[in-house]
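Undergrad:
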Amino acid sequence: MKYKLMSLPYSYDALEPYIDAKTIEIHYSKHHQTYVNNLNSVLEKYPDLTDKKLENLILNLETLPFEEKDKMFFKNNAGGVINHNLYWEIMGPKKEVDEILVSEIKKEFGSIEEFKKIFGDIALKHFGSGWAWLVKDSENKLQIYSLPNQDSPYMKNHIPIIGLDVWEHAYYLKYQNRRNEYIEAWWNVLKLI
Ligand code: MN3
-2 MKYKLMSLPY SYDALEPYID AKTIEIHYSK HHQTYVNNLN SVLEKYPDLT
48 DKKLENLILN LETLPFEEKD KMFFKNNAGG VINHNLYWEI MGPKKEVDEI
98 LVSEIKKEFG SIEEFKKIFG DIALKHFGSG WAWLVKDSEN KLQIYSLPNQ
148 DSPYMKNHIP IIGLDVWEHA YYLKYQNRRN EYIEAWWNVL KLI
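Position 95 (the sequence shown) corresponds to 92 in the working numbering; numbering is contiguous.
Okay, here's the thing in structure tokens:
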């Protein structure tokens, strides 16, 4: 069994003007596709692992029978697939507000505005490639942090709720070095809150 690139739930231009069509096309059909292809290529050597949930595999990475050189490659590409699946899923041209999530965020961070400030600041200050995350930790408490590269909150046994890709490939065509403008624009296409 091979992993497949998820289907994008909207057209490339659906998130204009906040995220431009060209960026989505390249991000989805090149970057995300490459993570899927790489994942399948490394797992060809480990057929016993291919029908397992990726979330479980990366949580238990140290117990898996990977050769050292394959372990990092698997981690990066499995993370790339999981992270991007969530990224496309939580965005959309129309708000589909999750009222339960909104009330949990207000309870934990005071207000949606305050949450956006904290999360946006973490996303802005994350150095290099990576993601800003809102997660539920193992005690079901909301936490905000960033992780480098394609590391996934599942590696910490946390459930990712909201993930913002701050790799330059997510915004460079339209925003160049202005990550702050990408983050500001992104709140408009995050459909959950
Ligand atoms: Mn990306």
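The C-beta atom is built at its ideal place from N, Cα and C for all residues, glycine as well.
1) Could you pull the start and end residues of the beta strand (DSSP E) that Gly127 belongs to?
2) On the CB-based measure, 16 or more other CB atoms within 10 Å of its CB, does Val33 come out buried or exposed?
3) So within the stretch 103 to 167, which uninterrupted beta strand (DSSP E) runs reach at least 3 residues, ignoring any that extend past its ends?
4) Go to Thr20, then tell me how far its alpha helix (DSSP H) extends in each direction, as first and last residue.
5) Could you give the first and the last residue of the continuous alpha helix (DSSP H) run that contains Gln30?
6) Between Ile158, Asn37, Ser126 and Gly76, which has its C-alpha nearest Asn174's C-alpha?
7) For the alpha helix (DSSP H) containing Gly77, name the first residue and the last one.
8) Specify which residues have a beta carbon nearer than 6 Å to any heavy atom of the ligand MN3, listing them in chain order.
9) DSSP on Leu187, reduced to helix/strand/coil?
10) Compare the Cα-Cα distances from Asp148 to each of Gln30, Leu121 and Ile55 and report the closest residue.
11) Can you name the start and end residues of the alpha helix (DSSP H) that Asn174 belongs to?
12) Do Leu36 and Tyr9 have their beta-carbon atoms positioned less than 9 Å apart in this structure?
13) Nearest to Asp67 by CA position, among Ser38, Asp95, Leu51 and Ile79, is which residue?
14) Which of the three DSSP states is assigned to Ser8 in this structure?
15) The alpha helix (DSSP H) that contains Glu57, what's its start and end?
16) In the structure shown, what three-state DSSP assignment does Pro14 receive?
TA: Working from what's here:
1) From DSSP, the beta strand (DSSP E) with Gly127 extends over Gly127 to Lys133.
2) Taking all protein chains shown into account, Val33 has 16 or more neighbouring C-beta atoms within 10 Å of its C-beta and is therefore buried.
3) Scanning the stretch 103 to 167 from its first residue to its last, the whole beta strand (DSSP E) runs of 3-plus residues come out as 127 to 133, 139 to 145 and 156 to 162.
4) Going by DSSP, Thr20 is part of the alpha helix (DSSP H) stretching over Ala18 to Ile23.
5) Per DSSP, Gln30 belongs to the alpha helix (DSSP H) from Gln30 to Leu40.
6) With distances taken between Cα atoms, Asn174 lies closest to Ser126.
7) For Gly77, the enclosing alpha helix (DSSP H) stretches over residues Glu65 to Ile87.
8) That gives His24, His28, His81, Asp162, Trp164, His166 and Ala167.
9) Residue state, collapsed to three classes: strand.
10) Its Cα nearest to that of Asp148, the residue Ile55 stands out among Gln30, Leu121 and Ile55.
11) It is not in any alpha helix (DSSP H) - Asn174 carries neither H nor E in the DSSP assignment.
12) Taking 9 Å as the Cβ cut-off, Tyr9 and Leu36 do not qualify as a contacting pair.
13) Of Ser38, Asp95, Leu51 and Ile79, the residue nearest in Cα terms is Ser38.
14) Note: Ser8 maps to coil in three-state DSSP.
15) It should be noted that the sequence gives Asn, not Glu, for residue 57. Run containing Asn57: none; DSSP gives neither H nor E here.
16) Coil.
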